[in-house]
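Trainee: So the protein lines, in turn, are chains W and X.
Residue 60 in the working numbering sits at position 60 of the first sequence, and the numbers go up by one each step.
The working numbering runs 113 ahead of the 1-based position in the second sequence.
My questions will all concern the structure given below.
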Amino acid sequence: GQQLNQSPQSMFIQEGEDVSMNCTSSSIFNTWLWYKQEPGEGPVLLIALYKAGELTSNGRLTAQFGITRKDSFLNISASIPSDVGIYFCAGPRIVQGAQKLVFGQGTRLTINP
Amino acid sequence: NAGVTQTPKFQVLKTGQSMTLQCAQDMNHNSMYWYRQDPGMGLRLIYYSASEGTTDKGEVPNGYNVSRLNKREFSLRLESAAPSQTSVYFCASKRGRTSTDTQYFGPGTRLTVL
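Here is the structure:
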């Protein structure tokens with residue numbers, strides 16, 4: 001099925017460093033979503049982007065909706081231990097009147113204190 | 114509000130056994146979803162229910178059945194479990210049908226089939 005490509009697949013950083021990850025697709029999305037999943041929990045929505053070129057922040061997180069509508073970026077500034085988790089990008093598709101979410105493979109973030 | 118709840122949290126089955134995963138939401142959402150999560154694969158949609166009384170296949174429906182029991186509850190059944198169904202299963206719900214509505218996820222059920 002259709003899939004979003006996320007990179008990198010994993011990151012090992014020092015506390016305090018900035019983090020960048022991205023998500024690309026071969027087709028256009030009208031909405032980009034970024035979720036975070038912590039161990040033993042379900043994904044939680046961090047940021048939603050609705051417009052090409054849009055730059056949206058949520059605390060230390062900043063995400064951008066690519067101008068081509070085929071990519072999106074998530075940046076985390078000054079990482080802290082609680083940022084550890086798996087970050088997923090997702091894009092909704094409306095099929096037969098119902099929304100289906102297409103997910104990337106995830107970026108696993110590990111932080112060394 | 115509890116949001117989206119799932120039971121059980123963990124389950125071990127033998128090949129060929131059956132079981133039902135339960136999901137309930139208390140947000141009065143119309144749409145509900147079942148996903149499976151496998152390493153390196155992200156989340157893949159198994160079945161969804163756009164509204165009470167309707168269900169449709171997602172990306173990977175084989176080996177599963179669902180029931181939208183009422184607006185709150187959406188169950189996923191494995192009639193004859195196989196090792197390939199070892200995975201973490203997530204239920205999600207969403208208020209409406211537009212792309213601006215957010216999907217809220219439950220905590221997941223970790224299933225192992227031996």
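We treat Cβ as the ideally placed atom computed from N, Cα and C, and that holds for glycine.
Do the stretch 83-94 of chain W and the stretch 175-191 of chain X meet, that is, are 3 or more Cβ pairs less than 8 Å apart?
Mentor: Too few Cβ pairs lie closer than 8 Å, so no.
Trainee: Below 8 Å on the Cβ atoms is my guess for Y148 (chain X) versus F187 (chain X); work out the distance and round it to an integer in Å.
Mentor: About 12 Å; that fails the 8 Å criterion.
Trainee: Taking Cβ positions, are T118 (chain X) and A137 (chain X) nearer each other than 8 Å?
Mentor: It is a contact, given that the beta carbons lie within the stated cut-off.
Trainee: How big is the Cα-Cα spacing for P220 (chain X) and R208 (chain X)?
Mentor: C-alpha separation (whole angstroms): 18 Å.
Trainee: When we look at the beta-carbon of T31 (chain W) and count the other beta-carbons within 10 Å, is it buried (16 or more) or exposed?
Mentor: Buried, by the Cβ-count rule.
Trainee: For the stretch 23-43 of chain W against the stretch 65-78 of chain W, are there 3 or more C-beta pairs whose distance is under 8 Å?
Mentor: Cβ pair count under 8 Å is three or more, so yes.
Trainee: Measuring CA to CA, which of X:Q150, X:A194, X:G176 is closest to V125 (chain X)?
Mentor: For the residues X:Q150, X:A194, X:G176, the minimum Cα distance to V125 (chain X) belongs to X:A194.
Trainee: What residue does the beta strand (DSSP E) around N58 (chain W) start on, and which one ends it?
Mentor: N58 (chain W) -> beta strand (DSSP E) spans 55-58.
Trainee: For S197 (chain X), does the three-state DSSP call read helix, strand or coil?
Mentor: Reduced to three states, the DSSP call for S197 (chain X) is helix.
Trainee: Do S79 (chain W) and G16 (chain W) have their beta-carbon atoms positioned less than 8 Å apart in this structure?
Mentor: Closer than 8 Å, so yes.
Trainee: Compute the beta-carbon to beta-carbon distance between S78 (chain X) and Q150 (chain X), rounded to the nearest angstrom, for a pair I have assumed lies under 8 Å.
Mentor: Here chain X covers residues 114 to 227 and nothing more, so residue 78 (chain X) does not appear.
Trainee: Do you know offhand how far S10 (chain W)'s Cα is from Q64 (chain W)'s?
Mentor: When rounded, the distance between both Cα atoms is 20 Å.
Trainee: Short of 9 Å Cβ to Cβ, which residues in the stretch 205-226 of chain X face chain W?
Mentor: Within the stretch 205-226 of chain X, the qualifying residues are A205, K207, G209, R210, T211, S212, T213, D214, T215, Q216, Y217, F218, G219, P220, G221, R223.
Trainee: Quick check on the burial criterion: 16 or more other C-beta atoms within 10 angstroms. Buried or exposed for L227 (chain X)?
Mentor: Exposed: under 16 other Cβ atoms inside 10 Å.
Trainee: Got a sec: is the Cβ-Cβ distance from E54 (chain W) to anything in chain X below 8 Å?
Mentor: No, no contact with chain X.
Trainee: Would you mind reading off the limits of the beta strand (DSSP E) that contains G155 (chain X)?
Mentor: 155-162 is the extent of the beta strand (DSSP E) around G155 (chain X).
Trainee: Roughly how many angstroms lie between the CA atoms of S77 (chain W) and L101 (chain W), to the nearest whole one?
Mentor: If I take the Cα positions, the gap works out to 27 Å.
Trainee: Nearest chain X C-beta to P113 (chain W) closer than 8 Å, yes or no?
Mentor: No, no contact with chain X.
Trainee: Taking just the CA atoms, how far does T222 (chain X) sit from G1 (chain W)?
Mentor: Low confidence applies here, because G1 (chain W) scores a pLDDT of 49, under 50, leaving its location unreliable and the question unanswered by this model.
Trainee: Does DSSP put A92 (chain W) in a helix, in a strand, or in coil?
Mentor: What sits at residue 92 (chain W) in the sequence shown is Pro, not Ala. In the structure shown, P92 (chain W) sits in a strand (DSSP, three-state: E or B).
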